[in-house]
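One structure below.
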Amino acid sequence: MSRLNIELPGLTLRNPIMPASGCFGFGREYSKFYDLSVLGAIMIKATTLEPRFGNPTPRVAETTAGMLNAIGLQNPGLEKVLGEELPWLSQYDVPIIANVAGSLEEDYVEVARRISKAPNVHALELNISCPNVKTGGIAFGTIPEVAKQLTRKVKEVSEVPVYVKLSPNVTNIVEMAKAVEAGGADGLTMINTLVGMRLDLKTGNPILANRTGGLSGPAIKPVAIRMIYEVSQAVSIPIIGMGGIESAADVIEYFYAGASAVAVGTANFVDPFVCPTIIKELPDLLEKLGFEHINECTGRSWKKDGQLAYHRA
Amino acid sequence: MSRLNIELPGLTLRNPIMPASGCFGFGREYSKFYDLSVLGAIMIKATTLEPRFGNPTPRVAETTAGMLNAIGLQNPGLEKVLGEELPWLSQYDVPIIANVAGSLEEDYVEVARRISKAPNVHALELNISCPNVKTGGIAFGTIPEVAKQLTRKVKEVSEVPVYVKLSPNVTNIVEMAKAVEAGGADGLTMINTLVGMRLDLKTGNPILANRTGGLSGPAIKPVAIRMIYEVSQAVSIPIIGMGGIESAADVIEYFYAGASAVAVGTANFVDPFVCPTIIKELPDLLEKLGFEHINECTGRSWKKDGQLAYHRA
Amino acid sequence: MIRKELCKIISQQEIAADIYELTVQGELVDQISAPGQFVHIRVSNGWDPLLRRPISISSFDKKQLSMTMIYRKEGKGTSILAESGPGELIDILGPLGNGFPVNEVSSGETALLVGGGIGVPPLYELSNQLVAKGVKVIHVLGFQTEAAVFYEKEFLNNGETYVTTVDGSYARQGFVTDVMKDLQFDCIYTCGPTPMLKAIEQSYSNKKVFLSLEERMGCGIGACFACVCKSADDPTGVSYKKVCSDGPVFRAGEVLI
Amino acid sequence: MIRKELCKIISQQEIAADIYELTVQGELVDQISAPGQFVHIRVSNGWDPLLRRPISISSFDKKQLSMTMIYRKEGKGTSILAESGPGELIDILGPLGNGFPVNEVSSGETALLVGGGIGVPPLYELSNQLVAKGVKVIHVLGFQTEAAVFYEKEFLNNGETYVTTVDGSYARQGFVTDVMKDLQFDCIYTCGPTPMLKAIEQSYSNKKVFLSLEERMGCGIGACFACVCKSADDPTGVSYKKVCSDGPVFRAGEVLI
Ligand SMILES: Cc1cc2nc3c(=O)[nH]c(=O)nc-3n(C[C@H](O)[C@H](O)[C@H](O)COP(=O)(O)OP(=O)(O)OC[C@H]3O[C@@H](n4cnc5c(N)ncnc54)[C@H](O)[C@@H]3O)c2cc1C
Ligand SMILES: Cc1cc2nc3c(=O)[nH]c(=O)nc-3n(C[C@H](O)[C@H](O)[C@H](O)COP(=O)(O)OP(=O)(O)OC[C@H]3O[C@@H](n4cnc5c(N)ncnc54)[C@H](O)[C@@H]3O)c2cc1C
Ligand SMILES: Cc1cc2nc3c(=O)[nH]c(=O)nc-3n(C[C@H](O)[C@H](O)[C@H](O)COP(=O)(O)O)c2cc1C
Ligand SMILES: Cc1cc2nc3c(=O)[nH]c(=O)nc-3n(C[C@H](O)[C@H](O)[C@H](O)COP(=O)(O)O)c2cc1C
Ligand code: FES
Ligand code: FES
């Protein structure tokens, strides 16, 4: 019996481990390292209506135990994702979560409407939180009413469940979470990156051409854990957690906080095998900790013993 | 000629390096390692009207390249700080910045009024941003109007310049900075800790008895740099920067971002000599980078060449 | 005086399952004032892991300027530490805290030294010093299981030694408190898990008892207030002691554990 | 095929001021397909520093399964790397990218290899392979100063070699472009700082020129879009190449530099 299978809105996962959006492209590169069908799901790179080149380089900068990125949502655009990337991915037995981005509400809605029809897209991840795009994004991710409205519009057209990706760059993350839940979100993914910056010692200029970028990696894990802990107690939709995950122990910590599945981003760059390695190590760790199934871990930090985890209900 | 002397409201500093509040007690412990008079200034531990025990233990937890603390403003109270700690510190030729905390506006005002009279207190640091105290604190640190009001009240009674310590746990740090500037703040100190959490793998419970705590250390440096970069362009009062500083290169990066002095917190725990080491290494690094004085570095990341740094004006 | 020093590793070996004995040489050994003091070890040059690790001094030799620590390889920091070998330099801050008061027992009296698991090490130097001044020592050492037992022979050399294992895989099955009941002594020195310390404090309120506490630490020198505990005579008030600088050894009844 | 492997360090030595020559052994050497490919090195087991460091392969030997990298010790990562010694294992991802096309010159023709500073290393294997197939090679190697010069003798063994130093402390004072003016050749292969590559691309638009680019990288394998550059034929559009997987070597005029 598997200790790892998980049911979430739209998603029947053989395990709760998936690469995070933007850290895995559309899977082609990592398919050279291992069979993508071992993954629980794949969160593909943000897709916008039109192709985008993104920001000028340098686009990444290292920080202590983290990195900044300002890719700027580079992607080949909806047509190509529908015409090439998703069909290519359909050779693998793995559900796809499509990350949807845009500048205007209409863009989001149009991408959501069309990409949700793709047969292997089982859920959308609404990216209202990208810190690296000048127009639009920021209000969607920081003003509850705006986020709720966008969620509702996207829900109206989507043929699959919609997860909303929350930005950590807010005073009150619970308020944002409740707003998108009220807007009809089927789940949450959190967290996106923290806005950060590095300056070059020699020139005094920002290392990133975009000046600021999104901080990811182990450095942000405690912030993500705290936010998931708070939000999971305030909403009744499931959370896919992310931020600095690099080991099976990290996955359990995210579940304890309140996550029902997790995504691994930056760690893929350090170790391309990190996802299959975690998937392989999780059952033994669960055994050692005395859990029959990983869903017993969800919310353990705040739930009374015996209370049921979301996905057991 | 010194490359390091700095003039800030109320503060004539032989160098811009000072230990951060809460990371250096009242100086007694570190005085066993070196002569405290080598420091630019000392930010003493938060002082409240009444003595406080603080939170239950465990109060610290390690994170990757960072740590969480939930000390809970433990301190001996205003009387004892005035009667014992400040007089003891007066044996050193070093200006003291008194960190003022409280639960109610009246508490802040009373502490500020009295502690600002102490002869070696040259400035106050208004701690409106402590994430580890249940009452009060959070509104002061996240609602611009409340912060402005408190700043104004404290300014009315303080006999020395008032620096306001900003919390990074807000959507819009610039708005907070402008509010306290409008309230009469003479300077800003930033950043305080990010709210974070760690869970124990074996028990599933938070490691900290207080559950959440404040994240400090190198992990948060890119967030601090970004915020100082943004705020320094929007206000005309000087900034004392902090967050993960551990080397002379870090100090320069903070100056480039817009700081006019810096504080070192967590790194003192790792290396008790970190402050004097940085002070010793700074002149050589400035020489290597071609600066005659450290004040040439302030705001370099966003200033046109030739424009003057705040403290040169 | 507390020093921060790059000490040279003389030897390191695994003496029981995941239990390492590490001997280093450094000037700071000369500053040690009592058994039961500890050091704060930086295990990496970088910032992962960030904090130093507090480890007790288990024995020292001022002539050789050498000291030995015994620790359990457990998490990130101690795992890295376990990889270092002879000749390498490690950054040590110490000696820290106040150790066991050896003068609380006199020559001819009997001291009971009770250690649990990784609380056993600091008792070894204490035992040596007590024996040297003519005190009779009895040791009760509790371990989880056979594979975790260490230093039994070393303690036996100093005096009567009872070993217990929780799972009964070696020596007597049970807890140290089971053995203690039947022993006669004038003073207890103990170090180990908190439940064990609590049990001993409660059962022997009529005796002189010294307990060595553990707490998560930041600075290790008294500056950060991470490691405080409440004074026992002011349980709801603001009086406190710091484990790192006022302890780690306290007289039973001095602080709330 | 790209592999991730713990390779064994055979040797490491400082061959010029802060310039290290590192030779390792591993199965991944067998996968190298062209000079100018690179590897992505993890310098720490922990997360500080986090990212791998891209370093070119400067020569390799498939029989011995060994390869050599030459790098400048500069920041955090390369400083840690410089401390490792023979026998240690390092985590290497590679071979990565597409190297220099050796088939663009034929036996009897002349290839000009132009390297600047730390761009010199990948040209060494290229030089060896060109010489092996009967191509005449001329090398122009630019360095900052005398102390930074390396591999002059090795290149001399393969053919004519001109060295320049910016400060004139060794050989000819000036830039590589000063020397190039006077030389006759059929094809240029170059690697070095961007201003040098730009100057060469502009001055020799009539020649076959292959440039190896540098860009800050995340994944090194084409997944993260950190290292893209614009296609030269679509300067304001969305066409791009990735330095890590489409490069690092490009034909002049292929991408905007
Ligand atoms: C005064 C004192 C003396 C000690 N003496 C010894 C000894 O002689 N031998 C020995 O094996 N252990 C001793 N300990 C416990 C030892 O400090 C911890 O086992 C060790 O810090 C764990 O580090 P890690 O890297 O294995 O674990 P990690 O899980 O990586 O540690 C994470 C953080 O938690 C702290 N931490 C974890 N467990 C403990 C603990 N039990 N006590 C305090 N901090 C903890 C670490 O110091 C670190 O800051 C002592 C503790 C104290 C306070
Ligand atoms: C394809 C390719 C091949 C290279 N080949 C060599 C070589 O053979 N020898 C050599 O000495 N150097 C080479 N470099 C440059 C080398 O990657 C950097 O010097 C090195 O990454 C700097 O790391 P650090 O730890 O010294 O500096 P840090 O300042 O600690 O680096 C911080 C971050 O910035 C990145 N970075 C800093 N400088 C550069 C740079 N110039 N190019 C790309 N990333 C950078 C680092 O990789 C790291 O992510 C190559 C770069 C690329 C892209
Ligand atoms: C290079 C890079 C690109 C990213 N691109 C996207 C993106 O296109 N859409 C998105 O929602 N998140 C994007 N993210 C954020 C990640 O999906 C993830 O939320 C974040 O990095 C935290 O996880 P980590 O610490 O494991 O990387 C990106 C992150 C990185 C590092
Ligand atoms: C143990 C600890 C206690 C702290 N106590 C206080 C405090 O009393 N008042 C305050 O304003 N900031 C306090 N801080 C925050 C620091 O002053 C500083 O803003 C923060 O730690 C970031 O700097 P660092 O990364 O260099 O530690 C404390 C930080 C730590 C780690
Ligand atoms: S550990 Fe800092 S006061 Fe004890
Ligand atoms: S480095 Fe990731 S795409 Fe090139």
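Chains as they are written, first to last, in numbering that gives the first Met the number 0: chain A, 0 to 312; chain B, 0 to 312; chain C, 0 to 256; chain D, 0 to 256.
Beta carbons: idealized from backbone N, C-alpha and C, even for Gly.
Short Cβ contact (8 Å threshold) for residue i with residue j
i        : j        : result
Val130/C : Asn157/C : yes
Cys6/C   : Leu88/C  : yes
Val80/B  : Thr56/B  : no
Leu7/A   : Asn14/A  : no
Ile91/C  : Leu27/C  : yes
Tyr228/B : Met241/A : no
Val263/B : Ile244/B : yes
Leu306/D : Pro247/D : The question about residue 306/D has no answer, for chain D in this structure spans 0 to 256.
Asp321/B : Ser1/B   : Because residue 321/B is not part of the residues shown, which for chain B are 0 to 312, the question remains open.
Ile95/A  : Ile172/A : no
Pro265/B : Pro217/A : The identity of residue 265/B in the sequence shown is Thr, whereas the question assumes Pro. No. Outside cutoff.
Which listed residue (the options) has its alpha carbon closest to that of residue i
i        : options                               : result
Gly65/B  : Lys241/D, Asn97/D, Asp47/D            : Asp47/D
Met189/A : Thr47/A, Asp92/A, Ile5/A, Ser128/A    : Ser128/A
Gln201/D : Ser78/D, Gly252/D, Asp232/D, Phe59/D  : Gly252/D
Phe99/C  : Ala33/C, Ser204/C, Val136/C, Asp232/C : Ala33/C
Asp60/D  : Gly86/D, Gln24/D, His39/D             : Gln24/D
Gly257/A : Pro282/A, Val230/A, Val273/A          : Val230/A
Lys44/A  : Leu77/A, Thr62/A, Asn54/A             : Leu77/A
Residue i versus residue j: straight-line alpha-carbon distance, rounded
i        : j        : result
Tyr70/C  : Lys62/C  : 24 Å
Asp185/B : Gly9/A   : 55 Å
Val250/B : Leu255/C : 42 Å
Tyr150/D : Val134/D : 20 Å
Ile278/A : Ile293/A : 12 Å
Asp29/C  : Gly213/A : 50 Å
Phe174/C : Leu284/A : 28 Å
Pro75/A  : Glu214/D : 21 Å
Glu103/D : Ile56/D  : 20 Å
Ile220/D : Pro275/A : 18 Å
Arg52/C  : Met17/B  : 25 Å
Arg250/C : Asp233/C : 16 Å
Lys75/C  : Arg2/D   : 27 Å
Min CB distance residue i to chain G below 8 Å
i       : result
Ser83/D : As a matter of chain content, chain G is missing from the structure shown, whose protein chains are A, B, C and D.
Test: residue i CB closer than 8 Å to a CB of chain D
i       : result
Gly45/C : yes
Gln73/A : yes
8 Å Cβ cutoff, residue i in contact with chain A
i        : result
Cys226/D : yes
Val261/B : no
Glu109/B : no
Ala222/D : yes
Pro282/B : no
CB contact below 8 Å: residue i versus chain B
i        : result
Tyr239/C : yes
Arg71/C  : no
Ala19/A  : no
Cys218/C : yes
Asn68/A  : no
Lys3/C   : yes
Contact with chain C by residue i, beta-carbon distance below 8 Å
i        : result
Ala308/B : Per-residue confidence for Ala308/B stands at a pLDDT of 39, beneath the threshold of 50, marking its modelled position as unreliable; the derived number appears in the next sentence. So no, Ala308/B is outside the interface.
Where residue i meets chain B, residues with beta-carbon distance less than 7 Å
i       : result
Pro48/C : Glu61
Per-residue contacts from residue i into chain A (C-beta, under 8 Å)
i        : result
Glu214/D : Thr56, Pro57
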